[in-house]
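See below for the structure under consideration.
Protein chains: 2
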Amino acid sequence: MAQPERSDGTVGKALDVLDQVAGFDRPVRFSELLSHSDYPKATLYRLLQTLTHQELVSFDSERQTYSLGMRLVRLAHSAWRHSSLAPMARSQIDALAGEVGETVHLAQLDHGQVLYVDKRNAASPVDMFSQAGKVGPVYCTGVGKAMLAFSGQAQQMQVIAQQSFHPFTPNTLVSAEALRSELEHIRARGYAFDNEEHEAGIICVALPILSQTAQVMGGVSVTSTTARHNLATLAALVPRIQSTVDEIAKEAQNWRFPEQIPATV
Amino acid sequence: MAQPERSDGTVGKALDVLDQVAGFDRPVRFSELLSHSDYPKATLYRLLQTLTHQELVSFDSERQTYSLGMRLVRLAHSAWRHSSLAPMARSQIDALAGEVGETVHLAQLDHGQVLYVDKRNAASPVDMFSQAGKVGPVYCTGVGKAMLAFSGQAQQMQVIAQQSFHPFTPNTLVSAEALRSELEHIRARGYAFDNEEHEAGIICVALPILSQTAQVMGGVSVTSTTARHNLATLAALVPRIQSTVDEIAKEAQNWRFPEQIPATV
DNA sequence: TAAATCAGTTCCATTATTTGAAACTTGATT
DNA sequence: AATCAAGTTTCAAATAATGGAACTGATTTA
Numbered sequence: 020m021a022q023p024e025r026s027d028g029t030v031g032k033a034l035d036v037l038d039q040v041a042g043f044d045r046p047v048r049f050s051e052l053l054s055h056s057d058y059p060k061a062t063l064y065r066l067l068q069t070l071t072h073q074e075l076v077s078f079d080s081e082r083q084t085y086s087l088g089m090r091l092v093r094l095a096h097s098a099w100r101h102s103s104l105a106p107m108a109r110s111q112i113d114a115l116a117g118e119v120g121e122t123v124h125l126a127q128l129d130h131g132q133v134l135y136v137d138k139r140n141a142a143s144p145v146d147m148f149s150q151a152g153k154v155g156p157v158y159c160t161g162v163g164k165a166m167l168a169f170s171g172q173a174q175q176m177q178v179i180a181q182q183s184f185h186p187f188t189p190n191t192l193v194s195a196e197a198l199r200s201e202l203e204h205i206r207a208r209g210y211a212f213d214n215e216e217h218e219a220g221i222i223c224v225a226l227p228i229l230s231q232t233a234q235v236m237g238g239v240s241v242t243s244t245t246a247r248h249n250l251a252t253l254a255a256l257v258p259r260i261q262s263t264v265d266e267i268a269k270e271a272q273n274w275r276f277p278e279q280i281p282a283t284v
Numbered sequence: 020m021a022q023p024e025r026s027d028g029t030v031g032k033a034l035d036v037l038d039q040v041a042g043f044d045r046p047v048r049f050s051e052l053l054s055h056s057d058y059p060k061a062t063l064y065r066l067l068q069t070l071t072h073q074e075l076v077s078f079d080s081e082r083q084t085y086s087l088g089m090r091l092v093r094l095a096h097s098a099w100r101h102s103s104l105a106p107m108a109r110s111q112i113d114a115l116a117g118e119v120g121e122t123v124h125l126a127q128l129d130h131g132q133v134l135y136v137d138k139r140n141a142a143s144p145v146d147m148f149s150q151a152g153k154v155g156p157v158y159c160t161g162v163g164k165a166m167l168a169f170s171g172q173a174q175q176m177q178v179i180a181q182q183s184f185h186p187f188t189p190n191t192l193v194s195a196e197a198l199r200s201e202l203e204h205i206r207a208r209g210y211a212f213d214n215e216e217h218e219a220g221i222i223c224v225a226l227p228i229l230s231q232t233a234q235v236m237g238g239v240s241v242t243s244t245t246a247r248h249n250l251a252t253l254a255a256l257v258p259r260i261q262s263t264v265d266e267i268a269k270e271a272q273n274w275r276f277p278e279q280i281p282a283t284v
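Chains R and Y are the protein sequences, given in the same order. Using the numbering used here, the first residue of the first sequence is number 20, and each one after it goes up by one. Using the numbering used here, the first residue of the second sequence is number 20, and each one after it goes up by one.
Structure follows, in structure tokens:
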């Protein structure tokens with residue numbers, strides 16, 4: 020009764036293991052991986068050997084732990100340059116960050132999550148540790164909600180179903196219903212806020228980057244603190260951000276950007 | 020006559036192909052890959068299918084081209100957090116960048132190349148497009164020379180043998196001999212310059228990050244333009260950079276990942 | 001001090017996947 | 001319609017992966 024196999028042979032299995040190593044947010048021992056793995060001991064062992072030899076994972080022989088390897092960092096740079104919005108949005112993001120003097124993020128929707136692909140630190144940086152490659156939740160970030168609000172019906176439903184609705188703060192939206200109604204609001208208004216929904220004291224305003232065919236390509240947000248801004252003063256930045264996202268969309272059109280990643284959910 | 024096997028079965032072959040895709044600095048067609056590949060058509064085809072399905076490469080069906088996929092960007096973030104110096108050096112790099120007001124790079128030596136793992140843009144940024152994950156040449160960058168100068172004899176020779184000595188500018192060192200003598204000089208002096216050796220108008224000063232056992236862990240550089248600085252004014256920053264690299268080395272010594280919380284399964 | 005326990009590694013006959021030459025399909029060009 | 005190039009599929013043979021069990025070596029327990 021062969022199910023429609025989802026795994027790509029040995030390569031798929033190796034990448035399963037790679038994901039597992041990535042899933043632990045710290046270096047991890049063989050036995051920990053084994054106890055969380057479906058693979059038999061010898062198989063897991065050999066896959067890790069292969070991955071280590073290939074430098075996709077690095078093995079700390081002193082502590083006997085595995086973590087992801089630097090080869091991924093090198094490869095990711097190439098991925099980022101060729102498959103993300105970041106290179107073509109660069110000058111626009113630079114200009115926006117310079118003018119508003121706050122932290123600017125460029126993000127894309129990926130696997131039901133927000134994938135940050137670029138970032139500019141303001142002169143007065145907010146104390147958050149983000150970087151290209153970081154992923155965040157959709158339901159409680161400005162860019163996440165902005166991108167989702169303008170996504171197609173089908174994708175929107177699928178992504179909502181994937182959310183965990185963890186209540187990070189008292190303001191976090193904690194149900195699909197609340198999120199759906201917020202998304203309608205955002206769609207009507209044209210932009211999204213994050214009103215301390217992910218982290219206390221951190222607020223942001225975000226707009227989607229829409230292609231000519233109204234496809235969501237990504238999102239841009241300006242993040243600040245409640246000490247420096249409130250929602251009204253952030254809203255005042257919307258026209259400036261709008262021109263940024265319009266320009267990025269235009270650039271992307273001209274660059275004939277690879278392909279919308281139809282957010283394989 | 021089995022050669023000492025270098026490849027890790029199917030996974031190794033798939034990663035060969037991944038490297039090949041990364042090697043083209045643009046989206047690439049199947050036939051281009053095929054003509055540069057040792058693998059037969061059907062094999063290459065299936066490996067690409069697998070990689071695409073796994074999102075390590077993305078396929079632009081409109082233009083029929085392959086490029087690296089965003090899954091790598093997600094994975095790399097985890098690699099960067101756990102296996103690079105960047106997270107533990109973060110606050111020191113921030114402080115340095117703030118004080119000197121110029122672009123600061125944090126790099127590590129990897130495969131005979133300079134791997135940039137972090138970067139801070141100055142208030143007055145130099146016009147260069149770098150990012151975590153970018154690799155650069157050792158022989159004509161400040162960090163590259165600083166790290167190499169303090170590496171062990173064996174590694175130094177090995178890395179020198181790997182250099183291509185492309186003359187980017189009139190100042191580029193173009194021979195192993197010239198590089199070796201420069202490295203001696205750097206070792207004696209304790210820091211390295213990049214005197215427009217990679218790009219005209221761009222100069223930098225760099226120091227290695229040395230562990231307690233005098234192992235090279237990475238390097239830190241301050242980059243500027245000839246319009247704003249000369250080698251003498253950059254040299255004046257050395258004591259400040261020295262304290263940064265000392266602090267980073269100390270941090271790295273102490274760094275331990277948060278202890279495991281025994282998972283309730 | 002021996003025995004037991006645990007973490008990691010290797011073995012090897014069995015099983016499953018990968019291989020690649022060739023045939024085929026598709027789409028563009030003559 | 002015929003030709004050509006690019007991409008895709010087939011299938012028996014070749015190869016690699018599998019995993020239960022046995023082994024090692026380090027630490028803990030009796």
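All C-beta atoms in this analysis are idealised placements derived from N, C-alpha and C, irrespective of residue type, glycine included. Being a predicted model, the structure only gives us computed values, none of them experimental.
Any alpha helix (DSSP H) of 4 or more consecutive residues that is wholly inside the stretch 61-128 of chain Y: Counting only unbroken stretches of 4 or more residues, the alpha helix (DSSP H) elements lying wholly within the stretch 61-128 of chain Y are 90-102 and 105-119, in sequence order.
Beta-carbon proximity check, K153 of chain R vs H96 of chain Y, cutoff 7 Å: yes
Beta carbon proximity, K138 of chain R to chain Y, threshold 7 Å: no
Sequence-distant residues of the same chain with beta carbon closer than 8 Å to A114 of chain Y, five excluded per side: Cβ contact annotation for A114 of chain Y (same chain, cutoff 8 Å, sequence separation greater than five): T263, in chain order.
Sub-7 Å separation of V119 of chain R and I112 of chain R beta-carbons: no
Endpoints, alpha helix (DSSP H) assigned at K138 of chain R: From DSSP, K138 of chain R is part of no alpha helix (DSSP H) but of the beta strand (DSSP E) over Q132 to R139.
First through last residue of the alpha helix (DSSP H) which encompasses P258 of chain Y: V257 to N273 is the span of the alpha helix (DSSP H), which, as asked, contains P258 of chain Y.
A98 of chain Y burial status per 10 Å Cβ neighbour count (16 or more: buried): buried
Neighbourhood of L192 of chain Y by C-beta distance below 8 Å, restricted to the same chain and skipping five residues each side: So the list reads Y158, C159, F184, L198, E201 and E216, once near-sequence residues are dropped.
Proximity of D38 of chain R and M89 of chain Y at Cβ, strictly below 7 Å: no
Whole-number beta carbon distance between V30 of chain Y and A33 of chain R, since they are thought to touch under 8 Å: 5 Å
Identified DSSP bridge partners for F212 of chain R: R:V224
Cβ of V119 of chain R within 7 Å of any chain Y Cβ: no
Rounded separation between P189 of chain Y and K138 of chain Y - CA only: Near 27 Å, if we compare the C-alpha coordinates of K138 of chain Y and P189 of chain Y.
Sequence-distant residues of its chain with Cβ nearer than 6 Å to R100 of chain R (five each side left out): P106
Outcome for M166 of chain R when other beta-carbon atoms lying within 10 angstroms are tallied against a minimum of 16: buried
Cβ-Cβ separation, A151 of chain R to Q150 of chain Y (assumed contact under 8 Å), whole Å: 7 Å
From Y:A246, Y:D265 and Y:L63, residue whose alpha carbon lies closest to that of E121 of chain Y: Y:A246
Enclosing alpha helix (DSSP H) for S54 of chain R [first to last residue]: S54 of chain R -> alpha helix (DSSP H) spans F49 to S54.
Cβ pair A207 of chain Y, A225 of chain Y closer than 7 Å: Going by C-beta atoms, A207 of chain Y is not nearer than 7 Å to A225 of chain Y.
Burial state of T252 of chain R, where buried means 16 or more other Cβ atoms lie within 10 Å: exposed
Inter-stretch contact (C-beta, 8 Å, three-pair minimum) for the stretch 43-59 of chain R and the stretch 48-63 of chain Y: no
Unbroken beta strand (DSSP E) run spanning G237 of chain R, endpoints: V235 to T244
Cα-Cα separation between S243 of chain R and R259 of chain R, rounded to whole angstroms: 16 Å
Bounding residues of the alpha helix (DSSP H) (the contiguous stretch that carries L192 of chain Y): No alpha helix (DSSP H) contains L192 of chain Y, which DSSP labels as neither H nor E.
Residue closest to T116 of chain R, alpha-carbon to alpha-carbon, out of R:Q174, R:S194 and R:V241: A small correction: the amino acid at residue 116 of chain R is Ala; Thr does not occupy that position in the sequence shown. A116 of chain R has its Cα closest to that of R:V241, out of R:Q174, R:S194 and R:V241.
Extent of the continuous alpha helix (DSSP H) to which T160 of chain Y belongs: Here T160 of chain Y belongs to no alpha helix (DSSP H), and DSSP marks it neither H nor E.
Cutoff 7 Å: M107 of chain R Cβ touching any chain Y Cβ: no
R12 of chain Y versus D44 of chain R: straight-line alpha-carbon distance, rounded: The structure shown does not extend to residue 12 of chain Y, since chain Y spans only 20 to 284, so no value can be given for it.
Minimum C-alpha distance to L91 of chain Y - residue among Y:Q83, Y:D79, Y:R82 and Y:E74: Y:E74
Close beta carbons around P227 of chain R, own chain, < 6 Å, minus the five adjacent residues each side: A165, M166, F169, V235 and G238
Residue-chain proximity (D27 of chain R, chain Y), Cβ-Cβ < 7 Å: yes
Presumed contact (8 Å Cβ cut-off) between L104 of chain R and L125 of chain R, rounded CB distance: 6 Å
Chain R contact for Q22 of chain Y (CB, 7 Å cutoff): Reliability of the predicted coordinates at Q22 of chain Y is poor, the pLDDT of 36 falling under 50, and the value obtained from them is presented with this limitation in mind. Using a Cβ-Cβ cut-off of 7 Å, Q22 of chain Y does not count as an interface residue toward chain R, since no Cβ of chain R sits closer than that to its own.
Exposure label - S230 of chain Y; buried when at least 16 CB within 10 Å: exposed
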